[in-house]
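S.K.: In the working numbering, the protein residues as written are 1113 to 1391.
C-beta: ideal position from N, C-alpha, C; glycine also.
Only a predicted model underlies this, so the values are computations on that prediction, with no experimental measurement involved.
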Amino acid sequence: MVLHLVLSILFMAFAGGVFTAQQNWRKFAEAKKAELVKAGQKQKDQQAEFEKERTDTAKKLTDLTNDIAKLTGEKTALDNQAKDLDAKNKQLNVSLDGQRDLAALNGVEADERKKEADLQRGNNAVLYQTREELITSLQKASDDKFALELKLSQLTEKHAEMLADLATMKRFLASKNLATDPKLMQAQVTPPPPLDGIITEYRKDAKGGLEYVGISLGSDEGLSVGHKLTAYSTDGKAKYLGQIRLTTVYPDKSAGIVVKEEKAKNVTIKEGDHVTTKH
C-alpha cells in the first residue's frame, strides 16, 4: 500500500512537471510569433516609407531640373535685354554727342555737313537704283533661262522622234536589201563621173572568200565610198569580170571588194585588168 502511494505521488509530480513545461513552451512560442508579426509589419512600414521618400525625391529632382531650365531661359532673356539696352544706351550717347557737336558748329561747318548728308542720300539713291536694275536683270536672265530650257526640251523630244524615225527607215531599207549607210546611199544617188582605170592589186581572203582589189583612181577623180565600177579584161577582146564596190577612197587610189552576186562565172580577176564607171 505504501509503495502504491509513493508511486502515485511520484507520477502526479511528474505529470505536473510535464504540464507546467508544456504551458511554458506554448507561452514562449506565442510570444515569439507575436514578435515576428510585429517585426514583419515594421518592415512593411519601413518599405512603404522608403518608397514614398524615393518618389518624393524623384519628383523634387524633376521639379528642380525644370526650375533650372526655366531660370536659365529667363537669364538668357535678361542677358539679351541687357545687351539691347546697352546698345541703345551707346547709340543714344553717340546721338547726344553728335547733337552737341552740331550745336557747336558754325554756319560753314553746318553747310558742309548738310552737303555730305545730301551726297550720302544721293549715293544711297544710286545704290538703290543699281539694286533694282540688278533685280530686273536677274529676273530677265531667269526668264531667258526658262525659255532656253523649254526650247532644249522641245529639241530633245524632236531629236528623239527623228532618231526613232531613222531607225524605222533603216530597218525598212535593210528588209529590202538596200543600203543603210549614208555614204553608200549618197554614192547610189550621185553616180561617179565617167572614168577608166587599172586594177593595181588583188587579194582573196582564204577564210571568208572575199576578193579585195585596189584601183588607180581616187577622190581626185570624183570617186566616193560606195561607188561601183565594172571590171573587165582585154586579153584578146573585152570580157566582163564583175562589179567592184569601193570601201576606201584616197585622193589618188581606192580599194574595194568584188560583189559576189555580180561576178561573172569562171573568171579570174588579176592585177592589170581594167575598171570603168561607164556603162
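Starting from the N-terminal side, write out each stretch of the alpha helix (DSSP H) that is 4 residues or longer and does not extend beyond the region 1295 to 1375.
M.R.: Taking only runs of at least 4 residues, no alpha helix (DSSP H) segment lies wholly in the region 1295 to 1375.
S.K.: Under 8 angstroms, do residue 1387 and residue 1309 count as touching if we go by C-beta distance?
M.R.: Yes, Cβ-Cβ distance for residue 1387 and residue 1309 is below 8 angstroms.
S.K.: Kindly indicate which three-state DSSP category residue 1118 falls into: helix, strand or coil?
M.R.: Confidence in residue 1118 is poor, its pLDDT being 49 and thus under 50, which makes the residue's placement too unreliable to answer from.
S.K.: Does the beta-carbon distance from residue 1294 to residue 1390 come in below 8 angstroms?
M.R.: Cβ distance not < 8 angstroms, so residue 1294 and residue 1390 don't count as in contact.
S.K.: Can you pull the DSSP bridge partners for residue 1386?
M.R.: DSSP lists 1310 and 1344 as partners of residue 1386.
S.K.: Please state whether DSSP places residue 1255 in a helix, a strand or coil.
M.R.: Helix.
S.K.: Can you tell me which of the three DSSP states residue 1391 falls into?
M.R.: Coil.
S.K.: Suppose the cutoff is 6 angstroms on Cβ atoms and the five residues either side in sequence are ignored; what does the same chain contact list for residue 1323 look like?
M.R.: Here the set comprises 1316 and 1370.
S.K.: Closest to residue 1359 by CA distance: which of 1329, 1318 and 1380 is it?
M.R.: Checked all of 1329, 1318 and 1380; the closest Cα to residue 1359 is 1329.
S.K.: Going straight from the alpha carbon of residue 1336 to that of residue 1302, what length do you get?
M.R.: Cα to Cα, residue 1336 sits roughly 9 angstroms from residue 1302.
S.K.: Decide if residue 1363 is buried, meaning its Cβ has at least 16 other Cβ atoms within 10 Å, or exposed.
M.R.: Looking at its Cβ environment, which holds fewer than 16 other Cβ atoms inside 10 Å, residue 1363 is exposed.
S.K.: Taking the alpha carbon of residue 1325 as the reference point, which residue from 1354, 1276, 1242 and 1311 has its own alpha carbon closest?
M.R.: With distances taken between Cα atoms, residue 1325 lies closest to 1311.
S.K.: Whole-angstrom Cβ separation of residue 1356 and residue 1376, contact assumed at under 8 angstroms?
M.R.: 13 angstroms between Cβ atoms; not a contact.
S.K.: Between the C-alpha atoms of residue 1333 and residue 1365, what's the straight-line distance to the nearest angstrom?
M.R.: So the alpha carbons of these two residues sit roughly 9 angstroms apart.
S.K.: State buried or exposed for residue 1345, treating a residue as buried only when at least 16 other CB atoms are found within 10 Å of its CB.
M.R.: Burial call: buried.
S.K.: Hey, is residue 1347's beta-carbon within less than 8 angstroms of any beta-carbon in chain B?
M.R.: No chain B is part of this structure, which consists of one protein chain only.
S.K.: Residue 1272 to residue 1372, Cα distance in whole Å?
M.R.: Roughly 38 angstroms between the two C-alpha positions.
S.K.: With a Cβ-Cβ cutoff of 8 angstroms, do residue 1348 and residue 1381 count as a contact?
M.R.: Not in contact: residue 1348 and residue 1381 (Cβ atoms no closer than 8 angstroms).
S.K.: Suppose you measure from the CA of residue 1313 to the CA of residue 1327; what does that come to, to the nearest Å?
M.R.: Going by the C-alpha atoms only, they are around 7 angstroms apart.
S.K.: By the three-class DSSP mapping on this structure, what secondary structure does residue 1242 have?
M.R.: Of the three classes helix, strand and coil, the one that applies to residue 1242 here is helix, per DSSP.
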